[in-house]
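Let me begin by presenting the structure, written as structure tokens, before commenting on it.
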Amino acid sequence: MPRRPVDRLTTSVPRTTPSPPVAWLGASAGVRRQHAGSPARRPRPLATLAWTAALLGASLSCESVATPVAPRPSGAAQTRLELHAGDAEVWAWSARIQGALAGPGTLEDCVVQVGGEAVPAAIEHPQRFSADVPLREGENEIAARCREASSGELESPPVTYDVKLRDAPRARARAARSGDSLVLDAASSEPSELSRAEIVDFAWFRRRDRATAERIGQGPRLELPAPDDGDDALYELQVRDERGRSDAARVAPPPDARVAPPPGAGARAWIDDAVVYGVVPPFFGDPPLRSVRAALPALVELGVTAIWLSPLFGAPPGDFGYAVTDYFAVRPDYGTERDLRELVDEAHRRDIRVLLDLVPNHTSAEHPYFQQAEQRSGRSHTFAFYDRDPGGEPTHYFDWEHLPNLNYDNAEVERWMLEVSLHWVRRFDIDGYRIDAAWGIKDRRSALWSAWAEELRRVNPELLLIAEASARDPYYLQQGFDAAYDWTEELGRWAWADVFSPPRGIAARLGAALSATAAGAARPERTLRFLNNNDTGARFITRHGPGLTRVAAAALLTLPGIPCVYSFDELGAEYEPYGGLAPVPRPARGPLARHYQRLIRLRRSTAALRAPGLLTVRAGQDDEIFAYIRHGDDASRFALVVLNFSDRPTATRLAIPEPFAGHARGGLRDALSGAAARVAARHGSIALDLAPWDVRVLVPR
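Printed below as a string of structure tokens:
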């Protein structure tokens, strides 16, 4: 997101065009006031609509609300019939249509015509009517016919509601262990929401990689020999209904049924081995997506396992990408859909996963839905798509006046964003999302995320879902995310923000920050850690210099968590992310790049550096040395990391605690340099002479 002020602010978006007051709109429009400032004044929760209604095919009401039309004082010749709606895109299978007489008269009978179907309308007032009408996939022409006491039959001009949903079955695959067997079950698959056409074909496939799928059976239930422990294959179910409509779902073999999976277990093992690289495509060259593809060999050499692409959906020219105007299009200044598909395919061939930056909290004020809402006010179908205060004005956070909040009390908004999320997974085979401003939707609709994550993982259980929110709040992993940001409890505040300045006392402050995160996080190892991202302004190396950058990078890549290296950190590039969408000047590859490369390769080759265990080792009274042991369940396989956060040479002695000391007495070696280090047999301690800004990663010989 654009850089956030320290204080949180929620207010209203100024209208781009004048519109009549809409304070009379009730709860159906999802209106509420957003408060500013302190936690005591956070937005108050509202009653929520069940997400399952959006997912499981319940008839969704999408209400087109309008200001009553005042009768004209002229005679019966002026009387006409009009709908309080315009042409619209709709994310539901039904809609409430309202209309009224424009002119004098009294309605006696009304129907709303949808295609070839006439739906009786309720006359709610002598001059107003409404009807809940069914919709079909694609375009629906809607008009009203009414009889007026003196004018006779009247007909409204038609409007078109374009339903953007696809009426297809929903595949659901389940896997369970039964003795020595693996049971695959498709019984929970659902027919199409609208037609309810019967599913007539169930086909099962085993996928060991993205390119190949081996057909293994047919039918709603399949029993196979149980896979070996560590088997990383996925099983795919493909269903087809009697109309030829199809869908697919995937499922992973379940773990040992006796062990309850921890929160954030959705993406299986690959997330715990991940090194993420943040990519802003135009920083890489022109055209941006092709330039990123050309950079993949360098990223493979660096050792990253996943790239996170900054928002690439339609946006106003020059915008960084968080002001979305089209969620289903690749922005043309970045490239084409073909460019994106070739980038994803090439990344996958090189064993790099691809994450997109999804922006569901708000749209741009230039999004067509918001523009329609502003132009037609309550007569726009999309008016209720946006969160509003009691005066009907759209709300936003901070100073983001151009980013109106979406209204997740509206079932169509839920469904719209779900379909956006599924679109990029299905069409481009992307591997997950970083969810922008996930905290905002939690504030307004806390029940949203769990079912959203479940539906995405129905399609691909290996998706990685990262919340832009604090890892110290266990809510996010409990609601289906795999990881969240290394923030404090204060919104948007980096946990390490005050660690590196002043230069004295860094070790103690870093230890305190790590302890605070560990105390609040459901799984500290699922904390997304970073030195730079899009919101941290001037780069770390600009603020702290190359020496401290070197040591901080070692902490980033050896501490528990998911490390994120941002565009050209390894080269020491200096820039401001929001300074413009142009190629970034990059220093030549030098010692810092080699340092990053060695650390990343060491992390990927050393199991202890990917395990969750962390034990701080005291370095006497020296507050410039920060040392810790990284370990898993096997105490014989550990790594002792020693960091000198000082520009001075330092001699130190570290006492290695049991049970690690017993395994260290045979000697240690520095996994970065290969140098040996001797451990005192009686005391289990190690003496080290550290150079300025020194980094050691000591492992048993």
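Residues in the sequence shown are numbered consecutively from 448, following our numbering. In this text, a Cβ means the ideal position worked out from N, Cα and C, and glycines have one as well.
**Prompt:** So residue 622 is in the beta strand (DSSP E); what residue range does that whole segment cover?
**Reply:** Taking the sequence shown and counting its residues from 1, the one referred to as residue 622 is at position 175. 621 to 625 is the extent of the beta strand (DSSP E) around residue 622.
**Whole-angstrom distance between residue 597 and residue 619, CA atom to CA atom** = Reading the sequence shown from its first residue, position 172 is the one you call residue 619. Reading the sequence shown from its first residue, position 150 is the one you call residue 597. Cα to Cα, residue 619 sits roughly 57 Å from residue 597.
**Item:** Touching by the beta-carbon criterion (3+ pairs, under 8 Å), the stretch 533 to 548 and the stretch 862 to 874
**Value:** Judged by Cβ distances under 8 Å, the stretch 533 to 548 makes contact with the stretch 862 to 874, as three or more pairs qualify.
**Prompt:** Can you give, in chain order, each stretch of the alpha helix (DSSP H) that sits fully within the stretch 953 to 982 and has at least 4 residues?
**Reply:** 953 to 967
**Item:** residue 809 (DSSP reduced to helix, strand or coil)
**Value:** Residue 809 sits at position 362 when you count from the first residue of the sequence shown. Residue 809: strand per DSSP, three-state reduction.
**Prompt:** Looking only at its own chain, which residues have a Cβ that is under 6 Å from the Cβ of residue 671, when we skip the five neighbours before and after it?
**Reply:** Here residue 671 corresponds to residue number 224 of the sequence shown, with the count starting at 1. Around residue 671: 629.
**Request:** Determine, using beta carbons only, whether residue 609 and residue 641 come nearer to each other than 8 Å.
**Result:** Stepping through the sequence shown from its first residue, residue 609 is reached at position 162. Stepping through the sequence shown from its first residue, residue 641 is reached at position 194. Not in contact: residue 609 and residue 641 (Cβ atoms no closer than 8 Å).
**Asked** residue 1135 to residue 1075, Cα distance in whole Å?
**Response** In the sequence shown, counting from the first residue as 1, residue 1135 sits at position 688. In the sequence shown, counting from the first residue as 1, residue 1075 sits at position 628. Roughly 14 Å between the two C-alpha positions.
**Message:** As a quick exercise: from 971, 1022, 868, pick the residue whose alpha carbon is nearest that of residue 898.
**Reply:** The sequence position of residue 898 within the sequence shown is 451, counting from 1. Checking every option, the nearest Cα to that of residue 898 belongs to 868.
**Asked** Roughly how many angstroms lie between the CA atoms of residue 659 and residue 1061, to the nearest whole one?
**Response** If you number the sequence shown from 1, residue 659 lands on position 212. If you number the sequence shown from 1, residue 1061 lands on position 614. Distance between the alpha carbons of residue 659 and residue 1061: 39 Å.
**Prompt:** When DSSP labels each residue in this structure, what does residue 662 get in the three-state scheme?
**Reply:** Here the question's residue 662 lines up with position 215 in the sequence shown. In this structure, residue 662 counts as strand in the three-state DSSP scheme.
**Request:** Could you check what DSSP says for residue 948 in three-state terms: helix, strand or coil?
**Result:** As a working mapping, residue 948 is identified with position 501 in the sequence shown. If DSSP states are grouped into helix, strand and coil, residue 948 belongs with coil.
**Asked** The beta strand (DSSP E) spanning residue 528 covers which residue range?
**Response** Within the sequence shown, residue 528 is the residue found at index 81, counting from 1. That run of the beta strand (DSSP E) goes 527 to 530.
**Prompt:** For residue 771, which beta-bridge partners are listed by DSSP?
**Reply:** On the sequence shown, position 324 is the one that residue 771 refers to. None; residue 771 has no bridge partner.
**Request:** Label residue 565 either buried or exposed according to how many other C-beta atoms from any shown protein chain fall within 10 Å of its C-beta, with 16 as the threshold for buried.
**Result:** The count along the sequence shown starts at 1 and reaches residue 565 at position 118. Classification for residue 565: exposed.
**Asked** What does residue 546 pair with, by DSSP beta-bridge criteria?
**Response** Within the sequence shown, numbered from 1, the residue matching residue 546 stands at position 99. According to DSSP, which records beta bridges pairwise, residue 546 is partnered with 530, 576.
**Item:** C-alpha distance - residue 727 paired with residue 756, whole-angstrom precision
**Value:** For this step, residue 727 is matched to residue 280 along the sequence shown. For this step, residue 756 is matched to residue 309 along the sequence shown. If I take the Cα positions, the gap works out to 6 Å.
**Asked** Should the stretch 649 to 658 be regarded as contacting the stretch 716 to 731, the criterion being three or more beta carbon pairs within less than 8 Å?
**Response** no
**Item:** Cross-strand partners of residue 560 (DSSP beta bridge)
**Value:** Residue 560 sits at position 113 when you count from the first residue of the sequence shown. According to DSSP, residue 560 bridges with 565, 590.
**Request:** Output yes or no for whether 8 Å exceeds the beta carbon distance between residue 999 and residue 978.
**Result:** Walking along the sequence shown from the start, residue 999 turns up at place 552. Walking along the sequence shown from the start, residue 978 turns up at place 531. Yes, the Cβ-Cβ distance between residue 999 and residue 978 is below 8 Å.
**Request:** Provide the residue(s) that pair with residue 1135 in DSSP beta bridges, ordered along the chain.
**Result:** Along the sequence shown, one-based indexing puts residue 1135 at 688. Residue 1135 pairs with 1099.
**Request:** From the DSSP output, in three-state form, read off residue 783 for me.
**Result:** Indexing the sequence shown from 1 puts residue 783 at position 336. Note: residue 783 maps to coil in three-state DSSP.
**Asked** Based on Cα-Cα distance, which residue from 531, 743, 911 lies nearest to residue 796?
**Response** For the purposes of this step, residue 796 is taken as residue 349 along the sequence shown, with counting starting at 1. It is 743.
**Cα-Cα separation between residue 507 and residue 1035, rounded to whole angstroms** = Within the sequence shown, numbered from 1, the residue matching residue 507 stands at position 60. Within the sequence shown, numbered from 1, the residue matching residue 1035 stands at position 588. Note that residue 507 scores 37 on pLDDT, short of 50, meaning its location in the model is unreliable; the coordinates nonetheless yield the value given after this. Whole-angstrom Cα-Cα distance: 57 Å.
**Buried versus exposed, by CB contacts within 10 Å (16 or more), residue 878** = Taking the sequence shown and counting its residues from 1, the one referred to as residue 878 is at position 431. Classification for residue 878: buried.
**Prompt:** Any heavy atom of the ligand SAH closer than 7 Å to the Cβ of residue 727?
**Reply:** For the ligand SAH, the structure offers nothing, since it holds no ligand at all.
**Asked** Hey, out of 840, 972, 980, 752, whose CA is closest to residue 804's CA?
**Response** Here residue 804 refers to the residue found at position 357 when the sequence shown is read from its first residue. That would be 980, whose Cα lies nearest to the Cα of residue 804.
**Request:** For residue 646, write down the residues that DSSP places opposite it in a beta bridge.
**Result:** By one-based count along the sequence shown, residue 646 stands at place 199. Looking at the DSSP output, residue 646 sits in a beta bridge with 688.
**Prompt:** Using DSSP with H/G/I as helix, E/B as strand and the rest coil, what is residue 828?
**Reply:** Translated into positions along the sequence shown, residue 828 becomes position 381. In the structure shown, residue 828 sits in coil (DSSP, three-state: anything other than H, G, I, E or B).
**Three-state class that DSSP yields for residue 992 in the structure shown** = For the purposes of this step, residue 992 is identified with residue 545 of the sequence shown, where counting begins at 1. Looking at residue 992 - three-state DSSP - the assignment turns out to be helix.
**Item:** Bridge-paired residues (DSSP) for residue 1070
**Value:** Taking the first residue of the sequence shown as 1, we reach residue 1070 at position 623. The partner list for residue 1070 (beta bridge, DSSP) is empty, contrary to what the question assumes.
**Asked** Taking DSSP as the reference, what is the three-state secondary structure of residue 1130?
**Response** As a working note, residue 1130 is residue 683 in the sequence shown. Residue 1130 falls in the coil class under three-state DSSP.
**Request:** To the nearest angstrom, report how far apart residue 854 and residue 831 are at their CA atoms.
**Result:** Taking the first residue of the sequence shown as position 1, residue 854 is located at position 407. Taking the first residue of the sequence shown as position 1, residue 831 is located at position 384. Their backbone Cα atoms lie some 7 Å apart in a straight line.
**Request:** Please go through the stretch 884 to 929 and give each complete beta strand (DSSP E) segment of 3 or more residues, from N-terminal end onward.
**Result:** 911 to 917
**Message:** So residue 623 and residue 528 are supposed to be a Cβ contact under 8 Å. How far apart are they, rounded?
**Reply:** Along the sequence shown, read from residue 1 onward, the residue named residue 623 stands at position 176. Along the sequence shown, read from residue 1 onward, the residue named residue 528 stands at position 81. Going by Cβ atoms, the distance from residue 623 to residue 528 rounds to 58 Å, so no, they are not a contact pair.
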